[in-house]
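Participant: Residues in the sequence shown are numbered from 1 upward in steps of one, following UniProt numbering. Think of the CB as a built atom: it goes at the ideal place given N, C-alpha and C, for glycine as much as any other residue. Being a predicted model, the structure only gives us computed values, none of them experimental. Encoded as C-alpha coordinates, here's the structure I'll be asking about.
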Amino acid sequence: DVNVAFFPPLHQQRRIWVLDILRREGVSEIVDIGCGEGELLATLCQPAPWLGPQSQWRNRSLASTQNADDCLASMFDDVLLNDSESRDLHPTRIAGLDIDTGALQYAAEDTSPSSANPQYTRWEPLQVSLWHGSLDSINPSFVDVECIVATEVIEHLTDDLVHHFAPVLLGVYHPRILLMTTPSYTFNARFSSPGIRDPMGHSDPTGRTDRVFRHADHKFEWTVEEFATWCATVSKEWGYIVEVASIGYALDKDPWGRDKQLGGASQVAAFKRMDDANSRRKRERRIRTAYAALEKKEPHRLVVTHHFTAHPQAGRPHQLEELGAALLRTFEGWGESVLRVEDLWFSDDIAVLCGGSVELLIEMAERDSQLCLRRIAGERKGNWTIELLG
(Lines of atoms letter the chains of each structure in order from A and count residues from 1; the text may use other names and numbers.)
(Lines give C-alpha, C1' and ligand atoms only; values in the text may rest on other atoms or scores of the structure.)
Protein backbone atom coordinates (compact mmCIF):
# COMPACT_ATOMS: atom_id res chain seq x y z
CA ASP A 1 0.00 0.00 0.00
CA VAL A 2 0.96 3.67 -0.48
CA ASN A 3 1.09 6.08 2.43
CA VAL A 4 -1.36 8.94 1.86
CA ALA A 5 -1.52 11.81 4.36
CA PHE A 6 -3.57 15.02 4.42
CA PHE A 7 -3.03 18.38 6.08
CA PRO A 8 -5.22 19.65 7.50
CA PRO A 9 -6.76 16.21 8.16
CA LEU A 10 -9.41 15.31 5.61
CA HIS A 11 -12.35 15.65 8.02
CA GLN A 12 -11.19 19.17 8.90
CA GLN A 13 -10.91 20.11 5.23
CA ARG A 14 -14.51 19.05 4.72
CA ARG A 15 -15.59 21.14 7.70
CA ILE A 16 -13.62 24.15 6.45
CA TRP A 17 -15.35 23.82 3.07
CA VAL A 18 -18.77 23.82 4.76
CA LEU A 19 -17.99 26.72 7.11
CA ASP A 20 -16.51 28.80 4.31
CA ILE A 21 -19.72 28.60 2.30
CA LEU A 22 -21.91 29.21 5.35
CA ARG A 23 -19.93 32.40 6.00
CA ARG A 24 -19.96 33.58 2.42
CA GLU A 25 -23.70 32.99 2.10
CA GLY A 26 -24.47 34.62 5.47
CA VAL A 27 -26.39 31.54 6.63
CA SER A 28 -28.11 31.74 10.03
CA GLU A 29 -30.18 28.50 10.05
CA ILE A 30 -28.48 25.13 9.61
CA VAL A 31 -29.65 21.52 9.89
CA ASP A 32 -26.90 18.88 10.05
CA ILE A 33 -28.19 15.57 8.69
CA GLY A 34 -26.19 12.68 10.15
CA CYS A 35 -24.68 15.01 12.75
CA GLY A 36 -22.96 12.19 14.66
CA GLU A 37 -21.30 13.41 17.85
CA GLY A 38 -21.92 17.03 16.89
CA GLU A 39 -18.49 18.23 15.74
CA LEU A 40 -19.96 20.69 13.23
CA LEU A 41 -22.76 21.76 15.57
CA ALA A 42 -20.31 22.42 18.40
CA THR A 43 -18.29 24.62 16.05
CA LEU A 44 -21.44 26.53 15.10
CA CYS A 45 -22.15 27.11 18.80
CA GLN A 46 -19.02 29.26 19.13
CA PRO A 47 -20.17 32.89 19.33
CA ALA A 48 -19.13 35.53 16.81
CA PRO A 49 -16.99 38.32 18.29
CA TRP A 50 -19.65 40.95 17.53
CA LEU A 51 -23.14 41.39 16.18
CA GLY A 52 -23.85 40.30 12.64
CA PRO A 53 -24.74 42.68 9.79
CA GLN A 54 -28.36 41.51 9.71
CA SER A 55 -28.82 41.00 13.45
CA GLN A 56 -32.01 42.40 14.96
CA TRP A 57 -29.88 43.30 17.98
CA ARG A 58 -27.48 45.31 15.85
CA ASN A 59 -30.31 47.05 14.02
CA ARG A 60 -31.67 48.12 17.36
CA SER A 61 -28.38 49.84 18.27
CA LEU A 62 -27.57 51.58 14.97
CA ALA A 63 -29.99 53.71 13.03
CA SER A 64 -28.38 52.97 9.68
CA THR A 65 -25.38 50.88 8.76
CA GLN A 66 -24.21 49.26 5.57
CA ASN A 67 -22.79 45.80 5.10
CA ALA A 68 -19.43 46.17 3.37
CA ASP A 69 -19.05 42.51 2.48
CA ASP A 70 -20.03 41.67 -1.08
CA CYS A 71 -22.05 38.55 -1.82
CA LEU A 72 -20.09 36.13 -3.97
CA ALA A 73 -21.50 35.01 -7.28
CA SER A 74 -20.15 31.49 -6.79
CA MET A 75 -20.23 29.58 -3.52
CA PHE A 76 -16.91 28.00 -4.49
CA ASP A 77 -14.96 31.24 -4.97
CA ASP A 78 -11.71 31.17 -2.99
CA VAL A 79 -12.87 28.31 -0.74
CA LEU A 80 -10.00 27.30 1.56
CA LEU A 81 -7.82 30.08 0.13
CA ASN A 82 -9.01 33.49 1.28
CA ASP A 83 -10.54 33.27 4.73
CA SER A 84 -9.39 36.82 5.52
CA GLU A 85 -12.40 38.19 3.64
CA SER A 86 -14.91 35.74 5.10
CA ARG A 87 -17.71 36.93 7.31
CA ASP A 88 -18.09 35.68 10.83
CA LEU A 89 -20.89 33.18 11.30
CA HIS A 90 -24.00 34.37 13.13
CA PRO A 91 -26.30 31.34 13.43
CA THR A 92 -29.57 31.78 15.27
CA ARG A 93 -31.02 28.28 14.92
CA ILE A 94 -29.17 25.01 14.34
CA ALA A 95 -30.34 21.42 14.50
CA GLY A 96 -28.89 17.96 14.15
CA LEU A 97 -30.39 14.62 13.15
CA ASP A 98 -28.87 11.19 13.66
CA ILE A 99 -29.97 7.58 14.02
CA ASP A 100 -27.32 6.83 16.67
CA THR A 101 -28.59 7.64 20.17
CA GLY A 102 -25.13 7.28 21.70
CA ALA A 103 -23.64 9.79 19.29
CA LEU A 104 -26.49 12.19 20.01
CA GLN A 105 -25.70 12.10 23.73
CA TYR A 106 -22.17 13.27 23.00
CA ALA A 107 -23.59 15.94 20.70
CA ALA A 108 -25.97 17.08 23.46
CA GLU A 109 -23.04 17.52 25.85
CA ASP A 110 -20.82 19.36 23.37
CA THR A 111 -23.55 21.78 22.31
CA SER A 112 -24.78 22.54 25.81
CA PRO A 113 -24.48 26.13 27.11
CA SER A 114 -22.65 24.69 30.11
CA SER A 115 -19.81 23.64 27.79
CA ALA A 116 -19.36 27.17 26.39
CA ASN A 117 -16.16 29.07 27.14
CA PRO A 118 -17.11 31.89 29.54
CA GLN A 119 -14.28 34.04 28.19
CA TYR A 120 -16.22 34.64 24.97
CA THR A 121 -19.20 36.99 25.08
CA ARG A 122 -22.31 35.97 23.15
CA TRP A 123 -24.09 38.86 21.48
CA GLU A 124 -26.87 36.93 19.75
CA PRO A 125 -29.21 34.20 21.01
CA LEU A 126 -28.94 30.69 19.60
CA GLN A 127 -31.25 27.68 19.68
CA VAL A 128 -29.86 24.16 19.26
CA SER A 129 -32.14 21.16 18.71
CA LEU A 130 -31.05 17.54 18.44
CA TRP A 131 -33.34 14.93 16.90
CA HIS A 132 -33.24 11.15 16.78
CA GLY A 133 -34.62 9.44 13.72
CA SER A 134 -34.21 8.32 10.15
CA LEU A 135 -33.68 10.35 6.99
CA ASP A 136 -36.91 9.01 5.48
CA SER A 137 -39.09 10.51 8.21
CA ILE A 138 -40.32 14.05 7.66
CA ASN A 139 -39.55 16.65 10.33
CA PRO A 140 -41.80 19.72 9.93
CA SER A 141 -39.26 21.93 11.71
CA PHE A 142 -36.74 21.31 8.90
CA VAL A 143 -39.07 22.54 6.14
CA ASP A 144 -37.79 25.68 4.38
CA VAL A 145 -34.70 25.84 6.59
CA GLU A 146 -31.99 28.05 5.14
CA CYS A 147 -29.26 25.42 4.82
CA ILE A 148 -28.93 21.65 5.18
CA VAL A 149 -25.54 19.97 5.55
CA ALA A 150 -24.95 16.25 4.92
CA THR A 151 -21.25 15.40 5.08
CA GLU A 152 -20.15 11.80 4.51
CA VAL A 153 -23.70 10.53 4.95
CA ILE A 154 -25.13 9.28 1.66
CA GLU A 155 -22.54 6.49 1.19
CA HIS A 156 -23.74 4.87 4.45
CA LEU A 157 -27.37 4.65 3.32
CA THR A 158 -29.17 1.60 2.04
CA ASP A 159 -30.86 1.78 -1.36
CA ASP A 160 -34.28 2.68 0.05
CA LEU A 161 -32.83 5.62 2.01
CA VAL A 162 -30.74 6.83 -0.94
CA HIS A 163 -33.97 6.80 -2.95
CA HIS A 164 -35.49 9.28 -0.44
CA PHE A 165 -32.37 11.44 0.02
CA ALA A 166 -33.10 14.04 -2.67
CA PRO A 167 -36.93 13.98 -2.40
CA VAL A 168 -36.73 14.70 1.33
CA LEU A 169 -33.78 17.09 1.49
CA LEU A 170 -34.23 18.99 -1.78
CA GLY A 171 -37.98 18.43 -2.06
CA VAL A 172 -39.88 18.35 1.22
CA TYR A 173 -37.36 20.52 3.11
CA HIS A 174 -36.26 22.57 0.02
CA PRO A 175 -33.55 24.57 1.80
CA ARG A 176 -32.00 27.59 0.12
CA ILE A 177 -28.70 25.71 0.17
CA LEU A 178 -27.74 22.04 0.50
CA LEU A 179 -24.09 21.16 1.13
CA MET A 180 -23.01 17.54 0.84
CA THR A 181 -19.80 15.54 0.67
CA THR A 182 -19.01 11.92 -0.12
CA PRO A 183 -15.82 9.91 -0.73
CA SER A 184 -14.43 9.81 -4.26
CA TYR A 185 -14.03 6.23 -5.44
CA THR A 186 -11.83 7.61 -8.21
CA PHE A 187 -9.32 8.76 -5.59
CA ASN A 188 -9.13 5.30 -3.99
CA ALA A 189 -6.57 4.23 -6.58
CA ARG A 190 -4.19 6.62 -4.82
CA PHE A 191 -4.00 4.25 -1.84
CA SER A 192 -2.17 1.53 -3.78
CA SER A 193 0.15 0.96 -6.73
CA PRO A 194 -1.44 0.97 -10.21
CA GLY A 195 -3.39 -2.22 -10.83
CA ILE A 196 -3.07 -3.41 -7.21
CA ARG A 197 -6.10 -3.93 -4.98
CA ASP A 198 -5.89 -1.86 -1.78
CA PRO A 199 -5.20 -4.43 0.99
CA MET A 200 -6.69 -2.08 3.62
CA GLY A 201 -9.95 -1.59 1.73
CA HIS A 202 -13.35 -3.19 2.26
CA SER A 203 -15.17 -5.18 -0.42
CA ASP A 204 -18.52 -3.88 -1.64
CA PRO A 205 -20.93 -5.32 0.99
CA THR A 206 -23.80 -5.40 -1.49
CA GLY A 207 -21.90 -7.64 -3.91
CA ARG A 208 -22.99 -5.48 -6.83
CA THR A 209 -19.45 -4.52 -7.81
CA ASP A 210 -15.89 -5.71 -7.27
CA ARG A 211 -14.96 -2.32 -5.83
CA VAL A 212 -13.02 -1.85 -2.60
CA PHE A 213 -14.31 0.88 -0.30
CA ARG A 214 -12.66 2.92 2.46
CA HIS A 215 -15.05 1.96 5.26
CA ALA A 216 -16.80 -1.28 6.11
CA ASP A 217 -20.16 0.50 6.46
CA HIS A 218 -20.07 2.15 3.03
CA LYS A 219 -22.79 0.76 0.80
CA PHE A 220 -21.27 2.40 -2.29
CA GLU A 221 -18.68 4.96 -3.32
CA TRP A 222 -19.16 7.07 -6.44
CA THR A 223 -16.60 7.88 -9.10
CA VAL A 224 -16.25 11.53 -10.08
CA GLU A 225 -18.44 10.94 -13.13
CA GLU A 226 -21.12 9.05 -11.18
CA PHE A 227 -21.36 11.74 -8.53
CA ALA A 228 -21.56 14.53 -11.10
CA THR A 229 -24.32 12.67 -12.95
CA TRP A 230 -26.35 12.08 -9.77
CA CYS A 231 -26.01 15.72 -8.71
CA ALA A 232 -27.06 16.99 -12.14
CA THR A 233 -30.08 14.69 -12.18
CA VAL A 234 -31.48 15.55 -8.74
CA SER A 235 -30.77 19.26 -9.11
CA LYS A 236 -32.80 19.34 -12.32
CA GLU A 237 -35.61 17.30 -10.76
CA TRP A 238 -35.97 19.56 -7.72
CA GLY A 239 -35.23 23.00 -9.13
CA TYR A 240 -31.67 23.65 -7.97
CA ILE A 241 -28.40 24.69 -9.51
CA VAL A 242 -25.37 22.73 -8.36
CA GLU A 243 -21.62 23.17 -8.28
CA VAL A 244 -19.47 20.04 -7.89
CA ALA A 245 -15.79 19.89 -6.96
CA SER A 246 -13.31 17.83 -4.98
CA ILE A 247 -11.14 18.62 -1.96
CA GLY A 248 -8.45 16.77 -0.04
CA TYR A 249 -5.22 16.33 -1.95
CA ALA A 250 -2.40 14.22 -0.51
CA LEU A 251 0.58 16.01 1.01
CA ASP A 252 3.08 14.02 -1.05
CA LYS A 253 2.98 13.69 -4.80
CA ASP A 254 1.86 10.38 -6.22
CA PRO A 255 4.91 8.31 -7.29
CA TRP A 256 3.07 7.41 -10.50
CA GLY A 257 1.96 10.96 -11.34
CA ARG A 258 -1.78 10.32 -10.95
CA ASP A 259 -2.71 13.32 -8.78
CA LYS A 260 -4.39 15.38 -11.49
CA GLN A 261 -6.20 12.36 -12.90
CA LEU A 262 -7.53 11.13 -9.54
CA GLY A 263 -8.51 14.51 -8.05
CA GLY A 264 -9.35 15.01 -4.38
CA ALA A 265 -10.30 12.42 -1.77
CA SER A 266 -13.72 13.96 -1.01
CA GLN A 267 -16.32 15.05 -3.52
CA VAL A 268 -18.36 18.12 -2.58
CA ALA A 269 -21.55 19.58 -3.98
CA ALA A 270 -23.30 22.86 -3.22
CA PHE A 271 -26.95 23.01 -4.31
CA LYS A 272 -28.68 26.39 -4.46
CA ARG A 273 -32.44 26.64 -4.82
CA MET A 274 -33.97 28.34 -7.85
CA ASP A 275 -36.98 30.42 -6.86
CA ASP A 276 -38.49 31.36 -10.20
CA ALA A 277 -42.20 30.61 -10.57
CA ASN A 278 -41.68 27.60 -12.84
CA SER A 279 -39.18 25.96 -10.49
CA ARG A 280 -41.46 26.50 -7.49
CA ARG A 281 -44.49 25.00 -9.24
CA LYS A 282 -42.53 21.99 -10.41
CA ARG A 283 -41.05 21.43 -6.96
CA GLU A 284 -44.43 21.76 -5.21
CA ARG A 285 -46.00 19.09 -7.43
CA ARG A 286 -43.19 16.64 -6.69
CA ILE A 287 -43.23 17.44 -2.96
CA ARG A 288 -46.83 16.23 -2.66
CA THR A 289 -45.76 12.85 -4.02
CA ALA A 290 -42.82 12.65 -1.61
CA TYR A 291 -45.06 13.52 1.35
CA ALA A 292 -47.55 10.82 0.41
CA ALA A 293 -44.81 8.17 0.30
CA LEU A 294 -43.43 9.02 3.76
CA GLU A 295 -46.28 10.41 5.83
CA LYS A 296 -46.73 7.19 7.85
CA LYS A 297 -43.08 6.87 8.86
CA GLU A 298 -42.20 7.07 12.55
CA PRO A 299 -41.61 10.75 13.40
CA HIS A 300 -38.32 12.10 14.70
CA ARG A 301 -37.92 12.29 18.48
CA LEU A 302 -36.62 15.49 20.02
CA VAL A 303 -33.66 14.60 22.23
CA VAL A 304 -32.82 18.03 23.64
CA THR A 305 -33.16 21.74 22.94
CA HIS A 306 -30.52 24.16 24.17
CA HIS A 307 -30.97 27.91 24.41
CA PHE A 308 -27.97 30.25 24.44
CA THR A 309 -28.88 33.74 25.64
CA ALA A 310 -27.32 36.99 24.47
CA HIS A 311 -25.44 39.41 26.71
CA PRO A 312 -27.91 41.78 28.42
CA GLN A 313 -26.19 44.80 26.81
CA ALA A 314 -26.57 43.42 23.27
CA GLY A 315 -27.99 46.22 21.13
CA ARG A 316 -27.88 48.67 24.04
CA PRO A 317 -24.73 50.78 23.56
CA HIS A 318 -23.61 53.48 25.96
CA GLN A 319 -23.21 57.11 24.98
CA LEU A 320 -20.49 57.86 22.43
CA GLU A 321 -18.78 60.20 24.91
CA GLU A 322 -18.40 57.35 27.38
CA LEU A 323 -17.04 55.07 24.66
CA GLY A 324 -14.58 57.72 23.49
CA ALA A 325 -13.23 58.20 27.01
CA ALA A 326 -12.81 54.44 27.42
CA LEU A 327 -10.87 54.22 24.16
CA LEU A 328 -8.47 56.97 25.25
CA ARG A 329 -7.93 55.23 28.59
CA THR A 330 -7.15 51.98 26.76
CA PHE A 331 -4.51 53.63 24.57
CA GLU A 332 -2.95 55.28 27.60
CA GLY A 333 -3.03 52.09 29.64
CA TRP A 334 -1.32 50.08 26.90
CA GLY A 335 1.16 52.84 26.14
CA GLU A 336 0.50 52.38 22.41
CA SER A 337 -0.49 54.84 19.70
CA VAL A 338 -1.80 52.24 17.23
CA LEU A 339 -4.01 49.26 18.11
CA ARG A 340 -5.99 46.78 16.06
CA VAL A 341 -9.78 46.99 16.24
CA GLU A 342 -9.82 43.47 17.64
CA ASP A 343 -7.31 44.36 20.40
CA LEU A 344 -9.49 47.25 21.49
CA TRP A 345 -12.64 45.18 21.23
CA PHE A 346 -11.43 42.55 23.69
CA SER A 347 -9.90 45.00 26.16
CA ASP A 348 -11.69 46.35 29.22
CA ASP A 349 -15.41 46.92 28.53
CA ILE A 350 -15.20 48.35 25.03
CA ALA A 351 -17.43 45.65 23.50
CA VAL A 352 -20.04 46.12 26.24
CA LEU A 353 -19.99 49.90 25.81
CA CYS A 354 -20.64 49.32 22.09
CA GLY A 355 -23.56 47.01 22.83
CA GLY A 356 -21.83 44.33 20.76
CA SER A 357 -21.67 46.44 17.58
CA VAL A 358 -18.15 46.71 16.14
CA GLU A 359 -19.54 49.23 13.63
CA LEU A 360 -20.15 51.58 16.53
CA LEU A 361 -16.50 51.33 17.53
CA ILE A 362 -15.49 52.02 13.93
CA GLU A 363 -17.91 54.92 13.70
CA MET A 364 -16.45 56.35 16.91
CA ALA A 365 -12.91 56.12 15.51
CA GLU A 366 -14.03 57.99 12.38
CA ARG A 367 -15.85 60.73 14.30
CA ASP A 368 -13.36 61.44 17.08
CA SER A 369 -10.76 64.06 16.10
CA GLN A 370 -8.22 62.36 18.36
CA LEU A 371 -8.50 59.03 16.54
CA CYS A 372 -7.80 57.83 13.00
CA LEU A 373 -9.24 54.62 11.53
CA ARG A 374 -7.11 52.81 8.96
CA ARG A 375 -9.04 50.32 6.86
CA ILE A 376 -6.92 47.53 5.38
CA ALA A 377 -8.14 46.21 2.03
CA GLY A 378 -8.83 42.48 2.03
CA GLU A 379 -8.68 42.22 5.82
CA ARG A 380 -11.53 41.53 8.22
CA LYS A 381 -12.58 44.48 10.41
CA GLY A 382 -10.78 43.07 13.44
CA ASN A 383 -7.44 43.60 11.71
CA TRP A 384 -8.07 47.25 10.84
CA THR A 385 -6.17 49.67 13.04
CA ILE A 386 -7.06 52.76 15.07
CA GLU A 387 -4.39 55.36 15.72
CA LEU A 388 -4.31 57.84 18.62
CA LEU A 389 -3.29 61.19 17.12
CA GLY A 390 -1.14 63.82 18.76
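Using DSSP bridges, identify the partner residues of I33.
Facilitator: Residue pairing for I33: DSSP places it in a beta bridge opposite L97.
Participant: By the three-class DSSP mapping on this structure, what secondary structure does H132 have?
Facilitator: strand
Participant: Where does V145 sit, in a helix, a strand or coil, going by DSSP?
Facilitator: coil
Participant: State whether the region 342-355 contacts the region 300-314, with contact taken as three or more CB pairs (one from each stretch) at a distance under 8 Å.
Facilitator: Yes, they touch.
Participant: Work out the CA separation of C231 and S192 for me, nearest whole Å.
Facilitator: 28 Å
Participant: In three-state DSSP terms, what is S120?
Facilitator: The sequence given here places Tyr at residue 120; Ser does not occur at that position. Note: Y120 maps to coil in three-state DSSP.
Participant: Could you give the first and the last residue of the continuous alpha helix (DSSP H) run that contains I16?
Facilitator: 10-24
Participant: Counting along the chain, where does the alpha helix (DSSP H) carrying L169 start and finish?
Facilitator: Counting along the chain, L169 falls outside any alpha helix (DSSP H), and DSSP gives it neither H nor E.
Participant: What three-state label does DSSP hand C372 in the structure shown?
Facilitator: strand
Participant: Cβ atoms of V338 and T151: under 8 Å apart, would you say?
Facilitator: no
Participant: DSSP three-state label for A325, please.
Facilitator: helix
Participant: Buried or exposed for R329, going by 16 or more other Cβ atoms inside 10 Å?
Facilitator: By the neighbour-count rule (16 or more Cβ atoms within 10 Å), R329 is not buried but exposed.
Participant: Using a Cβ-based criterion (distance less than 7 Å to any ligand heavy atom), does V149 qualify as near the ligand ATP?
Facilitator: This structure lacks the ligand ATP; in fact it carries no ligand of any kind.
Participant: For V2, name the three-state secondary structure that DSSP assigns.
Facilitator: Reduced to three states, the DSSP call for V2 is coil.
Participant: Do L126 and T158 have their beta-carbon atoms positioned less than 8 Å apart in this structure?
Facilitator: no
Participant: Is it right to say P49 is buried, meaning 16 or more other beta carbons lie within 10 angstroms of its own, or is it exposed?
Facilitator: Classification for P49: buried.
Participant: Name, in chain order, the residues that DSSP records as bridge partners for P183.
Facilitator: S266
Participant: Does the count of Cβ pairs from the region 214-221 and the region 243-254 closer than 8 Å reach three?
Facilitator: no
Participant: Leaving out five residues on either side along the sequence, give the residues of the same chain with a beta carbon under 6 Å from the beta carbon of S86.
Facilitator: The predicted model places S86 with a pLDDT of 47, which falls under 50 and marks its position as unreliable; any figure quoted below should be read in that light. Excluding positions up to five away in sequence, the list reads R23.
Participant: Check the C-beta distance from V172 over to A293 and give it rounded, since I have them as a contact under 8 Å.
Facilitator: Actually they are not in contact, since the Cβ atoms of V172 and A293 sit about 10 Å apart, beyond 8 Å.
Participant: To which residues of the same chain is K282 closer than 7 Å at the C-beta, ignoring the five residues directly before and after it?
Facilitator: G239
Participant: Using a Cβ-Cβ cut-off of 7 Å (strictly less than) and excluding sequence neighbours within five positions of A63, which residues of its own chain qualify?
Facilitator: With a pLDDT of 39 at A63, under the threshold of 50, the modelled position of this residue cannot be trusted, and the question is left open.
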